[in-house]
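Undergrad: First residue of the sequence shown: 1, per this note's numbering; consecutive thereafter.
The beta-carbon is built from N, C-alpha and C at its ideal position, and this holds for glycine as well.
One structure, pasted below without further comment.
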Amino acid sequence: MAAPIIAPALTQIFNISISKAEFPSPFKLARVIPIHKKGPKLDYTNYRPILPITSLILERHLNLHIKAYLEFNSLFYFRQSGFREHHSCQTALIKIIDDWLSAINENKIAASLFLDFSKAFDLVDTSLLIHKLKLYNIDTSWFSPYLNKRFHQTQYAGAISDKKEVMSGVPQ
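Okay, here's the thing in structure tokens:
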């Protein structure tokens, strides 16, 4: 119900952010609220930061544009299934099975290695990501301030920790 009131102000903030190649620092602070996701409960990496909703709205908008650019320019690897329309775990599995069947039909050995990349975004080196975006001819002037100097703090039982800089990873 509040969207018609909030949307014009957010649009203005987002447009200024993009035109000035700056990302508002309040949007770069994530709160880690101890809500267990999966895995051992004593492993702090199994808890995820909660980003401000305004940051999430802008990120979703940008993701749509970047994906469209990559699709339009055929920059996705043809076997990539993640982050693509009409691609899923099922389509990836079908590709693997097709490879197995082709190998078996040609009397070759069929093997696969499956890796868990569920926390891969936690390890992204932002400088390498910026470099790769430049290779795809994407203007990165806005992405550096967006990806760098991000902070998080933990909130538990009414107490909030000091802010700590996030050293790797990208917002999810």
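For leucine 42, which three-state DSSP category applies?
TA: Against the sequence shown, residue 42 aligns to sequence position 42. Three-state DSSP puts leucine 42 in coil, outside helix and strand.
Undergrad: Counting along the chain, where does the alpha helix (DSSP H) carrying isoleucine 5 start and finish?
TA: As a first step, residue 5 is located in the sequence shown; it is residue number 5 there, counting from the start. Its alpha helix (DSSP H) spans residues 3-20.
Undergrad: When you compare each of Leu129, Ile13, Asp139 to glycine 169 by their alpha carbons, which one comes out closest?
TA: Translated into positions along the sequence shown, residue 169 becomes position 169. Considering only alpha carbons, the answer is Leu129.
Undergrad: Are isoleucine 57 and leucine 10 closer than 8 Å when you measure CB to CB?
TA: Numbered from 1 along the sequence shown, position 57 holds the residue referred to as residue 57. Numbered from 1 along the sequence shown, position 10 holds the residue referred to as residue 10. Yes; because the gap between Cβ atoms is below 8 Å, this pair is in contact.
Undergrad: Let me know the secondary structure DSSP gives isoleucine 130 once reduced to three states.
TA: As a position in the sequence shown, residue 130 is number 130, starting the count at 1. Looking at isoleucine 130 - three-state DSSP - the assignment turns out to be helix.
Undergrad: Sort out for me which residues DSSP pairs valine 124 with in a bridge.
TA: Mapped onto the sequence shown, residue 124 falls at position 124. Valine 124 is not bridged to any residue.
Undergrad: Mind the definition here: the stretch 142-162 touches the stretch 25-37 only if three or more C-beta pairs lie below 8 Å; say whether that holds.
TA: Flag = yes, the stretch 142-162 and the stretch 25-37 touch.
Undergrad: Would you give the residue range spanned by the alpha helix (DSSP H) that leucine 147 belongs to?
TA: Translated into positions along the sequence shown, residue 147 becomes position 147. Run containing leucine 147: 143-147, per the alpha helix (DSSP H) assignment.
Undergrad: Beta strand (DSSP E) containing arginine 31: first to last residue?
TA: Against the sequence shown, residue 31 aligns to sequence position 31. Its beta strand (DSSP E) spans residues 29-36.
Undergrad: When you compare the CB of threonine 154 with every CB in chain B, is at least one pair closer than 8 Å?
TA: Although the question refers to chain B, the structure presented lacks it and comprises just one protein chain.
Undergrad: For the stretch 100-111 and the stretch 120-134, state whether three or more C-beta atom pairs, one from each stretch, are separated by less than 8 Å.
TA: Cβ pair count under 8 Å is below three, so no.
Undergrad: Just to confirm, is the Cβ distance from serine 81 to alanine 92 under 8 Å?
TA: The residue labelled residue 81 in the question sits at position 81 within the sequence shown. The residue labelled residue 92 in the question sits at position 92 within the sequence shown. The answer is yes: Cβ separation under 8 Å.
Undergrad: Less than 8 Å between the C-beta atoms of glutamine 47 and histidine 36, yes or no?
TA: Taking the first residue of the sequence shown as position 1, residue 47 is located at position 47. Taking the first residue of the sequence shown as position 1, residue 36 is located at position 36. Note on identity: in this sequence residue 47 is tyrosine, with glutamine being the wrong assignment. A contact, by the Cβ cut-off of 8 Å.
Undergrad: What residues are listed by DSSP as bridge partners for phenylalanine 151?
TA: The count along the sequence shown starts at 1 and reaches residue 151 at position 151. DSSP lists Leu29, Glu165 as partners of phenylalanine 151.
Undergrad: State the Cα-Cα distance for the pair glutamate 71 and methionine 1, rounded to the nearest angstrom.
TA: As a first step, residue 71 must be located in the sequence shown, where it is residue number 71. As a first step, residue 1 must be located in the sequence shown, where it is residue number 1. Roughly 34 Å separates the two Cα atoms.
Undergrad: Taking all protein chains shown into account, do 16 or more other C-beta atoms lie within 10 angstroms of the C-beta of leucine 101, making it buried, or fewer, making it exposed?
TA: By one-based count along the sequence shown, residue 101 stands at place 101. Looking at its Cβ environment, which holds fewer than 16 other Cβ atoms inside 10 Å, leucine 101 is exposed.
Undergrad: From leucine 75 to alanine 157, what distance separates their C-alpha atoms?
TA: In the sequence shown, residue 75 corresponds to position 75, counting from 1. In the sequence shown, residue 157 corresponds to position 157, counting from 1. Approximately 46 Å, taken between the alpha carbons.
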